[in-house]
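Per our numbering, residue 253 is the first one in the sequence shown, and the count goes up by one each step. One structure is given here, and the rest of the page talks about it.
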Amino acid sequence: MAKGKGVGISTQIFIALMLGIIFGYIFPNYGVALKPVGDMFIRMIKMIVVPLVFSSLIMGIAGTGDFKKLGRLGAKSIIWFELATTLALFVGLAVVNIVQPGAGVTSVAADTSTVTAAAQKSIDMMQMIVNIVPTNVVDAAGRGDMLQIILFSTFFGVAAASLGPVGKPVVDLSKSVAEIMFKVTWYVMKLAPIGVFALIAYTVGKFGLDMLIPLAKLVGSLYFALVLFVLLLVTGATVTFRINFFHLLRAIKEPVILAFSTAASEAALPIAMEKLEKFGVPKHIVTFVLPTGYTFNLDGSTLYSALAVVFIAQVYGIPFDLSQQLLMVLTLMLSTKGIAAVPGASLIVIAGTASAFGIPVEGIAIILGVDRIMDMARTACNVVGNCVAAVVVARWENELPDSVLEQAYTQSYEA
């Protein structure tokens, strides 16, 4: 980003966000008509993700060279992911029990067809494990199944690195493809303000701001819980790893704003990878931890699942004591892993968990009207959590020295 020239892309996106809200509110019909423009932007982002993740993982694995180190990276990543998602679950429970957003919510328009469809689905953990292995990598790429792509890319990268000179041309090609995809990302990001304006105008035009009134307490509770979680996570990481993670939040503001305004994690992945490398995180750590985190470290979605289940119980006045809630936490620790590629995954998890604990699944209909507003916040939280994870693993591996951090801190203030 050129210094002192024009308005930065993050500022442009934020201005587009505000203007989109105003436009969608004043001209709702025109706002709804802008949906194809927003959809085109999301599709442009999605076309980048598969080749970028595939080439970056191969490049990162081959660059690591030491397969014991690769295993260590995986173990440390999983440990941190589990700590972060557990914290998210308990923060969600604490806020929903203290604020009691479900108390007094009696009638909201319900989309029973969506609820019925969600109730008929379930998360089969064993089948989920089986589905990690792709039968056709081209099909996995076409569907954007990130977990299958990661598994194949890992095997491919290890094989290419182990062949030495024979595999070097493929590794070099992967480096070139990754650099080209980052350049494509730069082109697409120039269109981000237009895409964000269209998406927000459509959301406000279709659903209106009035939908927030009866469920304002729920939306407020979720936003408060997510902010509290991020503060606790960042503070804990700062104390443990002796890094000022608040500088990281400044450095990743662009992907966070983009994730919030589009409610699409894929939209933020390429730019988040770029920002983390500029922050000083080694490329092989960024390319391994970030795509993996998009599957296993969905902090915002995990927090939301816990909060939503208890919220529905409160709406129906169903007793849901602490022991049951702790059991629910254990259930969600498993059911929220590896489901990023499942359409409507959060809805399915909430429906399955509510059903398991005798809570009316129909209660999901109450939150559908404001789900988009909440999805924006939890997607942004997912991005923050994964960026923090990448920096934590780099520091844990002693690959992010203080000298590099000092330079990154300076750049984050100049950006």
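Positions of the beta carbon are idealized from the N, C-alpha and C atoms, including for glycine.
Buried versus exposed call for residue i [16 or more other C-beta atoms within 10 Å across all chains shown]
i           : result
residue 441 : buried
residue 364 : Only weak support is given to the placement of residue 364: the predicted model assigns it a pLDDT of 49, under 50, and the value that follows is read from those uncertain coordinates. It counts as exposed.
residue 638 : buried
residue 548 : buried
residue 483 : exposed
residue 559 : buried
residue 492 : exposed
residue 332 : buried
residue 518 : buried
residue 439 : exposed
residue 444 : buried
residue 653 : exposed
residue 487 : exposed
residue 329 : buried
residue 266 : buried
residue 509 : buried
residue 322 : buried
residue 217 : There is simply no residue 217 to check, as the chain begins at 253 and stops at 667 in what is shown.
residue 304 : buried
residue 461 : exposed
residue 394 : exposed
residue 569 : exposed
Backbone CA spacing between residue i and residue j [nearest angstrom]
i           : j           : result
residue 657 : residue 494 : 11 Å
residue 334 : residue 279 : 45 Å
residue 585 : residue 616 : 20 Å
residue 635 : residue 288 : 25 Å
residue 505 : residue 499 : 10 Å
residue 433 : residue 525 : 12 Å
residue 480 : residue 386 : 38 Å
residue 649 : residue 381 : 28 Å
residue 644 : residue 553 : 21 Å
residue 603 : residue 523 : 33 Å
residue 437 : residue 418 : 30 Å
residue 352 : residue 340 : 18 Å
residue 230 : residue 281 : Residue 230 lies beyond the range of the chain shown here (253 to 667); nothing can be said about it.
residue 420 : residue 407 : 15 Å
residue 581 : residue 571 : 16 Å
residue 390 : residue 544 : 19 Å
residue 651 : residue 327 : 16 Å
residue 360 : residue 619 : A caution first: residue 360 carries a pLDDT of 44, below 50, which makes its placement in the model too unreliable to give a value.
residue 598 : residue 625 : 14 Å
residue 302 : residue 556 : 27 Å
residue 397 : residue 611 : 31 Å
residue 343 : residue 277 : 33 Å
residue 454 : residue 286 : 6 Å
residue 527 : residue 507 : 8 Å
residue 607 : residue 320 : 43 Å
residue 293 : residue 576 : 43 Å
residue 411 : residue 640 : 30 Å
residue 325 : residue 435 : 28 Å
residue 384 : residue 546 : 14 Å
CB of residue i within 7 Å of CB of residue j, strictly
i           : j           : result
residue 609 : residue 348 : no
residue 413 : residue 401 : no
residue 476 : residue 489 : no
residue 337 : residue 551 : yes
residue 578 : residue 452 : no
residue 355 : residue 566 : yes
residue 601 : residue 457 : no
residue 314 : residue 416 : no
residue 503 : residue 531 : yes
residue 642 : residue 542 : yes
residue 539 : residue 260 : no
residue 605 : residue 561 : yes
residue 633 : residue 521 : no
Cutoff 7 Å: residue i Cβ touching any chain C Cβ
i           : result
residue 554 : Included in the structure is just one protein chain, with no chain C present.
Notebook entry, point to check: Is it true that the segment 616-635 meets the segment 471-489, where meeting means three or more beta-carbon pairs spaced less than 8 Å apart?
Noted result: The answer is yes - the segment 471-489 touches the segment 616-635, with three or more Cβ pairs under 8 Å.
Item checked: Cβ contact check for the segment 307-314 and the segment 529-539: 3 or more pairs under 8 Å -> By the C-beta criterion, the segment 307-314 is judged to be in contact with the segment 529-539, since at least 3 inter-stretch pairs fall below 8 Å.
Checklist line | At least 3 beta-carbon pairs within less than 8 Å: the segment 422-431 vs the segment 292-299 | finding: Judged by Cβ distances under 8 Å, the segment 422-431 makes no contact with the segment 292-299, as fewer than three pairs qualify.
Notebook entry, point to check: Can at least three beta-carbon pairs, one atom from the segment 446-463 and one from the segment 507-526, be found at a separation below 8 Å?
Noted result: Contact check between the segment 446-463 and the segment 507-526: three or more CB pairs, one atom from each, fall below 8 Å, which counts as touching.
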